[in-house]
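A.B. asks: If you scroll down you'll find the structure; I have some questions about it.
In structure tokens, the structure reads:
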């Protein structure tokens, strides 16, 4: 738990003084991810740097687990907090393994314990230890480097993670992937995370709570849902954007809305006429086509009507398959792009886990807004 | 007769003396370099934390470098005479130490400053002390550039040490100085050739050392950049 109490930071003095943070108070609960969000210069990065004493507050106190951080030696304090920055900052003269081992070495772990931990972390970030252990940062892609950056921060298993726009420097595809991986890790690790971002989508996706800053002040501190559906003032409303309803889709995951036991299922070897009969009886317009348990495509009843032979000859293949952790935003995007109203969800083995339809999305948004019909 | 053959003959005939002078020459240069490193590298590191001090220190080193060596020997004569060392190896080594400061301080300063700020920020943020960060990250990254400074200083000092023969410091300059006095062409030439050769060899050796201390990760980075 991190507590900020009346934190104020002034840079410079006299007429040149700049108030970077103005009387900021809030609390990051144990095991939650709190996003420090806001436009550049709003004070979010300063607050992060105050948290590990890279800077010192002008007024106010910051406590970790109810202990004032000013009472702790800054070097010791930082060793207890993982630190990830946008520019990554891997040590170019050290191998991947040695980079990850920095904090454990500072803490005086045995060589054996360090080696085991490094391998464990490399596996966690899906870099094969045998291949990557002895590589140098320059030999890795940007995304891989930032994975190592995260692994390095996690090395000594700190209770707290400080992340300063950690995925800001990688390309959008890699960023999404890193966010997904981070969420997976966080689900297991339950770290207390202070996460600086300027990206509302990232904040919605990654944060348990969002602290929205403007000109050094904390404007609103709430869950993403509340920030989106009940913005406190015009600044918040403007910052989250007029497309708030669409952004709510970034909060909803496929697993929250999918139909886990769809009935409109036919097998790819079924005879078309039998399939048609089944669909007509049940009053379905279309069906998911399975091979074994894997969804391979879809078929509309009108296409089956005049067809003799098996379903697989008339079915269309799915252009994309969904996974449970995908955001509803992606689902809608796929639906619009491919002109489909229903998509199939697969589990990690590629077997059918359920379906999501356009109606499911609509209903989910309506539920989030409490049926007020605001949009 | 002067000429290549007779010069080599002179060297062959006086090889013991010449080995002694070469050793003496190297000894002066090496000792000066050692002292200069001990002063210049820490100073170069120190001034990375004070911009104003850095400008001043580098300015002073710059001015030192512009004083002609013969003039510097002259200037030091009254000063060092006070401690009874107006002539000989002490003023020679002192001068070499002073001349070495610019390349050593400047290269150290630049090299440490050139370590990416993100690397330093990450290191500090993870809980490395300044000292630890310097030792484990900044110095290894800076070492090739610092050595390049030492290399410049070493080569320059071999030349200046030859002139120091005029204040009785010894070394290969003695051959040139005495050769001129005696109008002995072979003696002058062998001194000149050997001083030049020494500079080339030391330069090569230092270049090799520079490559040896370059961290592997940086070598790969350079190869990729090409």
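Residue numbers (this note's numbering), protein chains in the order written: chain A, 24 to 398; chain B, 515 to 740. Think of the CB as a built atom: it goes at the ideal place given N, C-alpha and C, for glycine as much as any other residue.
(1) If I measure Cβ to Cβ from residue 338 of chain A and keep anything under 6 Å in the same chain, skipping five residues before and after, which residues do I get?
(2) Is residue 347 of chain A helix, strand or coil by DSSP?
(3) Just tell me which of A:171, A:166, A:147 and A:301 has its CA closest to the CA of residue 157 of chain A.
(4) Between the C-alpha atoms of residue 612 of chain B and residue 223 of chain A, what's the straight-line distance to the nearest angstrom?
(5) For residue 156 of chain A, which of helix, strand or coil comes out of DSSP?
(6) Do you know how far the Cα of residue 631 of chain B is from the Cα of residue 624 of chain B?
(7) Do the segment 102–111 of chain A and the segment 176–190 of chain A touch if we need at least three Cβ pairs shorter than 8 Å?
(8) Assuming residue 655 of chain B is part of the alpha helix (DSSP H), what are its boundary residues?
(9) Can you check whether the CB of residue 689 of chain B is closer than 8 Å to the CB of residue 704 of chain B?
(10) Residues in the same chain with beta-carbon distance under 7 Å from residue 51 of chain A, minus the five sequence neighbours each way, listed in chain order, please.
(11) At a Cβ threshold of 8 Å, is residue 395 of chain A touching chain B?
(12) Along the chain, where does the alpha helix (DSSP H) containing residue 309 of chain A start, and where does it finish?
(13) Within its chain, find whatever has a CB closer than 8 Å to the CB of residue 65 of chain A; leave out the 5 residues flanking it on each side and keep chain order.
(14) Can you tell which of A:63, A:390 and A:81 has its C-alpha closest to the C-alpha of residue 28 of chain A?
(15) Once DSSP output is grouped into helix, strand and coil, what is the label at residue 579 of chain B?
(16) Against chain A, does residue 530 of chain B count as a neighbour if the rule is that its beta carbon must be under 8 Å from one of theirs?
(17) So is residue 171 of chain A in contact with chain B if we call contact Cβ pairs under 8 Å?
(18) Under a CB-based cut-off of 8 Å, is residue 197 of chain A close to chain B?
(19) Out of A:181, A:70, A:345 and A:274, which has the shortest C-alpha to C-alpha gap to residue 376 of chain A?
(20) Between the alpha carbons of residue 316 of chain A and residue 297 of chain A, how many angstroms are there, rounded?
(21) Which residues of chain A have a Cβ atom closer than 7 Å to the Cβ of residue 740 of chain B, listed in chain order?
(22) Contact criterion: CB-CB distance below 8 Å. Does residue 701 of chain B meet it with respect to chain A?
(23) Determine the chain B residues that contact residue 108 of chain A at a beta-carbon separation under 9 Å, and present them in chain order.
(24) In chain A, which residues lie with their C-beta within 9 Å of the C-beta of residue 566 of chain B?
(25) Measure the Cβ-Cβ separation of residue 536 of chain B and residue 686 of chain B and say whether it is below 8 Å.
(26) If contacts are defined as beta-carbon pairs under 8 Å, then residue 122 of chain A and residue 655 of chain B qualify, I think. What distance do you get, rounded to the angstrom?
(27) Under DSSP, the alpha helix (DSSP H) around residue 69 of chain A begins and ends at which residues?
(28) Kindly say whether residue 191 of chain A, judged by its beta-carbon, lies nearer than 8 Å to any beta-carbon of chain B.
(29) From the DSSP output, in three-state form, read off residue 392 of chain A for me.
(30) Assign residue 701 of chain B to one of two classes, buried (16 or more other C-beta atoms within 10 Å of its C-beta) or exposed (fewer than that).
(31) I need the straight-line Cα distance from residue 520 of chain B to residue 670 of chain B, nearest angstrom please.
(32) Any beta carbon of chain B sitting closer than 8 Å to that of residue 32 of chain A?
(33) Using a Cβ-Cβ cut-off of 6 Å (strictly less than) and excluding sequence neighbours within five positions of residue 251 of chain A, which residues of its own chain qualify?
(34) Please classify residue 719 of chain B as buried or exposed, where buried requires at least 16 neighbouring CB atoms within 10 angstroms.
(35) The alpha helix (DSSP H) spanning residue 224 of chain A covers which residue range?
(36) Strictly under 8 Å for the Cβ-Cβ distance: is residue 729 of chain B near chain A by that measure?
C.D. replies: This is what the structure holds:
(1) 312, 320 and 322
(2) coil
(3) A:171
(4) Cα to Cα, the separation comes out at about 58 Å.
(5) Coil.
(6) 13 Å
(7) yes
(8) Where residue 655 of chain B is concerned, the enclosing alpha helix (DSSP H) starts and stops at 653–677.
(9) yes
(10) 24, 25, 57, 215 and 217
(11) Residue confidence is low: residue 395 of chain A scores 48 on pLDDT, short of 50, so the model does not pin down where it sits. Its coordinate-derived value is still stated next. No, residue 395 of chain A lies away from the interface with chain B (no Cβ there is under 8 Å from its Cβ).
(12) Looking at the DSSP string, residue 309 of chain A is not in any alpha helix (DSSP H); the run it does join, the beta strand (DSSP E), is 309–314.
(13) 236, 237, 238 and 239
(14) A:81
(15) Three-state DSSP puts residue 579 of chain B in a helix.
(16) no
(17) no
(18) no
(19) A:345
(20) For residue 316 of chain A and residue 297 of chain A, the gap between their C-alpha atoms comes out near 19 Å.
(21) Those do not exist, as residue 740 of chain B stays about 13 Å from chain A at its closest Cβ, beyond 7 Å.
(22) no
(23) 632, 635, 636 and 639
(24) Result: empty, since nearest Cβ-Cβ is about 18 Å, beyond 9 Å.
(25) yes
(26) Incorrect: roughly 14 Å between the Cβ atoms, too far for contact.
(27) That run of the alpha helix (DSSP H) goes 67–74.
(28) no
(29) coil
(30) buried
(31) 29 Å
(32) no
(33) 263, 267, 270 and 271
(34) Classification of residue 719 of chain B: exposed, given that the 10 Å Cβ count is below 16.
(35) Looking at the DSSP string, the run of the alpha helix (DSSP H) that includes residue 224 of chain A is 223–229.
(36) yes
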